[in-house]
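Quick note: the sequence shown uses this note's numbering, first residue 55, plus one each step. First up is the structure itself, then whatever we jot down about it.
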Amino acid sequence: MTPEGRRRLLMGRLAGVLFLTSSGLMLIALPLSPEDASIPGTIAVAASGVGVGCFAMFAPWDTWPRAASLVLVPPAFTLIALGNLYAGREHTYGVFFVVAFVWIGLAHGPWTSLAAAPLAIVAYLVPFFFLAGDVETGVSSVAVTIPACVMVGEVLSWGSSRLARTEEELRQERETAQGLKELADMKTAFMSAVSHELRTPITICRGHLEVLEPAADRAEIDETVALVLDELGRMGRLVDDITIAVRGDDPSFLRKEPVRIDALTARVARKVQPFLNGRLRVQPVPPDAHLEADPDRLEQALVNLLQNAAVHTPEGTAVELRVSQARKAWLFEVEDRGQGLARGREDEAFERFVHGPTSQGSGLGLAVVRSIARGHGGEAGVDNHPGEGATFWILIPR
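Printed below as a string of structure tokens:
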């Protein structure tokens, strides 16, 4: 429920409490009624007040517009007028009007009390024309009482509106501060993860270079150089992945061109052959199927999905790559028969530096996939079946 909805519900229930309390006071005061009071009439007014109060207590004000509770104002003034009419000569006209205008001021915006004033004047004056008494006194009384009630209602309304604006500004400031804190935490976590991922190859390079003797033979030097070059390549790939994960969802980062889908899937199949060991099954694609995309980035995204499938599926289990037409888009799917993801971790799998239980990678593979998909105006996700496998997909607009 929104804060505004809670406030509407609170004001509606407050109206219900006021109706029920006023009706109860009328019934309690019956033994003190003057001789000309109408007991049946007063009981009927109190019963009507109880009915309206129960409605106000249980109505779903949070789902209705704020102005909906104004429907309670005419019954309130009508019951006040009837209560004064049946109460006889000795009654106080203004008390319940003050209560009504206090509620109007708390529940509604500025000028609402002023708009309700004509109805209140009528409700105030009508009993004077049916009871023995001085009508002129009633007129002079209404000239003081109703303006005072309107003033109270408007002051409360303006104060409540100002308070509501202040609370909304404070809420927005708290949300901004929370967002900045979360951003700072994400930045810290990101830098920590990057440092950790880069530290490993740097440490390996440094360790091998430090133990390399000046008089080392050619074979040992060649082995060390090969290892250092391999680790430098690993760092380069990591930096590329970080760049894509951060900037890949920016369309200006991509170089789009017409891409034949059958040629794309063939290149991907050749590239992943070494680590899938013949387990990949590629569904045929019509030779005329094509789309506008960055071929290198899209190929990288599909390779990442297939590498992820290779890591998380048992040896000898088939992995399927298929492409189909969705509504105004091409759907690329990689289906495996592994254990799937833990339930509830589907979105977390696409976060940066999130590792699966059997993965030794950087934790950027799926983050890169989603970033590339969004850069193309599409999306990436997973249809997860825990214990049975998962189907990771990329949706690229045609």
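Cβ atoms here follow ideal geometry from the backbone N, Cα and C, with glycine treated the same way. Given the structure is predicted, the values throughout are model-derived calculations rather than measurements.
C-beta contact flag for residue i and residue j at 8 Å
{"i": "residue 99", "j": "residue 73", "result": "no"}
{"i": "residue 449", "j": "residue 427", "result": "yes"}
{"i": "residue 382", "j": "residue 347", "result": "no"}
{"i": "residue 69", "j": "residue 133", "result": "no"}
{"i": "residue 259", "j": "residue 293", "result": "no"}
{"i": "residue 77", "j": "residue 104", "result": "yes"}
{"i": "residue 329", "j": "residue 364", "result": "yes"}
{"i": "residue 177", "j": "residue 131", "result": "yes"}
{"i": "residue 91", "j": "residue 141", "result": "yes"}
Residues sharing a beta bridge with residue i, DSSP
{"i": "residue 383", "result": "380 and 451"}
{"i": "residue 314", "result": "344"}
{"i": "residue 335", "result": "374"}
{"i": "residue 439", "result": "443"}
{"i": "residue 390", "result": "444"}
Nonlocal neighbours in the same chain, by C-beta distance under 7 Å from residue i, ignoring five residues either side
{"i": "residue 194", "result": "none"}
{"i": "residue 166", "result": "158 and 211"}
{"i": "residue 66", "result": "110, 113, 115 and 123"}
{"i": "residue 129", "result": "106"}
{"i": "residue 462", "result": "With the chain covering 55 to 452 only, the question about residue 462 has no answer from this structure."}
Backbone CA spacing between residue i and residue j [nearest angstrom]
{"i": "residue 304", "j": "residue 429", "result": "5 Å"}
{"i": "residue 139", "j": "residue 205", "result": "26 Å"}
{"i": "residue 332", "j": "residue 366", "result": "16 Å"}
{"i": "residue 162", "j": "residue 63", "result": "13 Å"}
{"i": "residue 319", "j": "residue 425", "result": "20 Å"}
{"i": "residue 93", "j": "residue 58", "result": "42 Å"}
{"i": "residue 216", "j": "residue 223", "result": "11 Å"}
{"i": "residue 46", "j": "residue 352", "result": "Since the first and last residues shown for the chain are 55 and 452, residue 46 lies out of range."}
{"i": "residue 452", "j": "residue 208", "result": "59 Å"}
{"i": "residue 234", "j": "residue 218", "result": "24 Å"}
{"i": "residue 56", "j": "residue 246", "result": "37 Å"}
{"i": "residue 228", "j": "residue 200", "result": "41 Å"}
Cβ shell of residue i (< 8 Å), same chain only, five flanking positions each side left out
{"i": "residue 400", "result": "435, 436 and 438"}
{"i": "residue 357", "result": "322, 325 and 326"}
{"i": "residue 71", "result": "107 and 111"}
{"i": "residue 423", "result": "355, 358, 359, 404, 434, 446 and 448"}
{"i": "residue 153", "result": "72 and 76"}
DSSP three-state assignment for residue i, whether helix, strand or coil
{"i": "residue 29", "result": "Nothing about residue 29 can be reported from this structure: the residues present for the chain run from 55 to 452 only."}
{"i": "residue 401", "result": "coil"}
{"i": "residue 350", "result": "helix"}
{"i": "residue 278", "result": "helix"}
{"i": "residue 445", "result": "strand"}
{"i": "residue 270", "result": "coil"}
{"i": "residue 396", "result": "coil"}
{"i": "residue 434", "result": "strand"}
{"i": "residue 194", "result": "helix"}
{"i": "residue 131", "result": "helix"}
Close beta carbons around residue i, own chain, < 6 Å, minus the five adjacent residues each side
{"i": "residue 343", "result": "315"}
{"i": "residue 278", "result": "262 and 266"}
{"i": "residue 155", "result": "167, 203, 206 and 207"}
{"i": "residue 431", "result": "451"}
{"i": "residue 374", "result": "335 and 389"}
Residue-chain proximity (residue i, chain D), Cβ-Cβ < 8 Å
{"i": "residue 283", "result": "Going by chain labels, chain D is absent from the structure shown, which holds only one protein chain."}
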